[in-house]
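Here the structure comes first, spelled out in C-alpha cells, and everything after it is commentary.
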Amino acid sequence: MEIKAINIGEKIRQARLQKGFSQENMADMLGVSTTAYGDIERNKTELTIARATEIANLLKSNLLEWLGVELQPVDFALEKLQLENEKLKADVEKWQLAAHYWREKFEQQRLLGDLLRLGTQQSEPQEERQKIGF
150 MEIKAINIGE KIRQARLQKG FSQENMADML GVSTTAYGDI ERNKTELTIA RATEIANLLK
210 SNLLEWLGVE LQPVDFALEK LQLENEKLKA DVEKWQLAAH YWREKFEQQR LLGDLLRLGT
270 QQSEPQEERQ KIGF
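First residue of the sequence shown? That's 150 in this note's numbering, and the numbers climb one at a time after it.
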C-alpha cells in the first residue's frame, strides 16, 4: 500500500479559489496576518486540527476529504452487521443441534447404564432366594 503525502495547503487554496475568497479575506476571517495565512497554503505552517477544522468550516469544505479519509456509508456498515448477525445465528443453530445430539446421546447412555444396573439388581435377589430355598 502506497502512502501519499497530503498537501493540505493546496487543498485549502483550491477550496478558497472555488469560493472566490482572497488570501486577505481568509486571513481576516481567521484573525491572522496575510503572510501567516499564505504560509498555511504553502505548507510552511503545521496546522492544528482545530485550525484546519476552522478553515474547512469557513470554506464549507470537508476536512476529512482533504485528508483523504473515506467514510463508509451507514447503509454499508448496517449491511455488514446484518450479515455478521445472520452468520452468528447460523452458528448458534449449529451449536444448538450439536448440544441436542450430545444431550440425547448422554441420556441414552445413562438409560442404558440404569437398565444394566436394574438388571443386575433384579438378578441378585433371585439368586439369594434360590439359595435360601424359596
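Note that CB positions come from ideal geometry on N, CA and C, so glycine has one too.
Limits of the unbroken alpha helix (DSSP H) element including residue i
i: Lys209; result: Note, Lys209: premise wrong, no alpha helix (DSSP H); not H, not E.
i: Thr183; result: Thr183 to Glu190
i: Glu173; result: Gln172 to Leu179
i: Leu216; result: Segment: none, Leu216 is in no alpha helix (DSSP H) and carries neither H nor E.
i: Lys160; result: Ile157 to Lys168
Given residue i as reference, the closest of the options once Cα atoms are compared
i: Thr202; options: Leu179, Glu233, Arg191 and Asp188; result: Leu179
i: Lys160; options: Gly217, Thr269 and Thr183; result: Gly217
C-beta atoms of residue i and residue j nearer than 8 Å
i: Gln172; j: Gly158; result: no
i: Ala164; j: Ser210; result: yes
i: Asn206; j: Asn156; result: no
i: Leu208; j: Lys236; result: no
Min CB distance residue i to chain C below 8 Å
i: Leu207; result: Given the protein chain composition of this structure (a single chain), no chain C is represented.
Inter-residue CB distance, residue i and residue j (contact presumed, cutoff 8 Å)
i: Glu190; j: Arg162; result: 5 Å
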